[in-house]
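A.B. asks: Okay, so the sequence shown: first residue is 4 according to my numbering, each after it adds one. C-beta: ideal position from N, C-alpha, C; glycine also. Questions regarding the structure given below will be posed in turn.
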Amino acid sequence: RAWQHELHKAALVEQAMTFVSREHFKVEEREESSVNVGWDPFLASSSKSVQKSCHLVNLSGNPIWKRRGHEQVMLNKEESSHLQPGDCILIYTGAPDGTPDGPGCAGTIAWTFCKEGGPDRAY
Numbered sequence: 004r005a006w007q008h009e010l011h012k013a014a015l016v017e018q019a020m021t022f023v024s025r026e027h028f029k030v031e032e033r034e035e036s037s038v039n040v041g042w043d044p045f046l047a048s049s050s051k052s053v054q055k056s057c058h059l060v061n062l063s064g065n066p067i068w069k070r071r072g073h074e075q076v077m078l079n080k081e082e083s084s085h086l087q088p089g090d091c092i093l094i095y096t097g098a099p100d101g102t103p104d105g106p107g108c109a110g111t112i113a114w115t116f117c118k119e120g121g122p123d124r125a126y
């Protein structure tokens, strides 16, 4: 964990350091299953498929946000949201208006979620 502190010191302005913890959020992989039912009512065929997806989970008492395109979703402690490659994760840095980048914040801290190995590999 010492490397995280050194990374934060190198990457963040001092005022923003007070808003960052080593366990601020996590990205967890989940398996989601779905049942596909055939269209022929006499066959009533169905199949079950399992897909893996990643979810952002807020571990902090401060809010975090997931931004996808122009849509921004706020997550409070223990709330989660599905992640897709290109989603942006933002954390609160003290803006009085309660936003991730509002007036008076200590800076904007963001991570971009990327899928390892390209579109054909698992998360």
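#1: Take the Cβ of residue 103 as the centre, count every other Cβ of all protein chains shown within 10 Å, and call the residue buried at 16 or more, exposed below.
#2: How should residue 21 be labelled, buried or exposed, when 16 other C-beta atoms within 10 angstroms of its C-beta is the threshold for buried?
#3: On the CB-based measure, 16 or more other CB atoms within 10 Å of its CB, does residue 62 come out buried or exposed?
#4: Helix or strand or just coil, what does DSSP make of residue 9?
#5: Using three-state DSSP, classify residue 74 as helix, strand or coil.
#6: Distance check for residue 33 and residue 79, CA to CA, integer angstroms please.
#7: Determine the direct distance from the alpha carbon of residue 23 to that of residue 106, and round the result to whole angstroms.
#8: Between residue 28 and residue 60, which are expected to be in contact by the criterion C-beta below 8 Å, what is the C-beta distance as a whole number of angstroms?
#9: Residue 110 and residue 18: beta carbons closer than 8 Å?
#10: In terms of alpha-carbon separation, which member of 114, 26, 52, 99 lies closest to residue 86?
#11: If the criterion is Cβ atoms closer than 8 Å, does the pair residue 92 and residue 69 meet it?
#12: Assign residue 117 to buried or exposed, taking buried as 16 or more other Cβ atoms, counted over all protein chains shown, within 10 Å of its Cβ.
C.D. replies: Concretely, from the data shown:
#1: Position 100 of the sequence shown holds residue 103. Under this definition residue 103 is a buried residue.
#2: As a working note, residue 21 is residue 18 in the sequence shown. Classification for residue 21: exposed.
#3: If you number the sequence shown from 1, residue 62 lands on position 59. Per the 10 Å Cβ criterion, exposed.
#4: In the sequence shown, counting from the first residue as 1, residue 9 sits at position 6. If DSSP states are grouped into helix, strand and coil, residue 9 belongs with the helices.
#5: Locating residue 74 in the sequence shown gives position 71, counting from the first residue. Looking at residue 74 - three-state DSSP - the assignment turns out to be strand.
#6: Residue numbering aside, residue 79 sits at position 76 when the sequence shown is read from its first letter. Residue numbering aside, residue 33 sits at position 30 when the sequence shown is read from its first letter. Their Cα atoms are separated by approximately 20 Å.
#7: Residue numbering aside, residue 106 sits at position 103 when the sequence shown is read from its first letter. Residue numbering aside, residue 23 sits at position 20 when the sequence shown is read from its first letter. Going from the Cα of residue 106 to the Cα of residue 23 covers about 19 Å.
#8: Here the question's residue 28 lines up with position 25 in the sequence shown. Here the question's residue 60 lines up with position 57 in the sequence shown. Sure, about 6 Å apart at Cβ, within 8 Å.
#9: Sequence index remark: in the sequence shown, residue 110 carries index 107 (1-based). Sequence index remark: in the sequence shown, residue 18 carries index 15 (1-based). Result yes, Cβ atoms of residue 110 and residue 18 sit closer than 8 Å.
#10: Reading the sequence shown from its first residue, position 83 is the one you call residue 86. Comparing Cα-Cα distances from residue 86 to each of 114, 26, 52, 99, the minimum goes to 114.
#11: For this step, residue 92 is matched to residue 89 along the sequence shown. For this step, residue 69 is matched to residue 66 along the sequence shown. Yes; because the gap between Cβ atoms is below 8 Å, this pair is in contact.
#12: Taking the sequence shown and counting its residues from 1, one reaches residue 117 at position 114. Under this definition residue 117 is an exposed residue.
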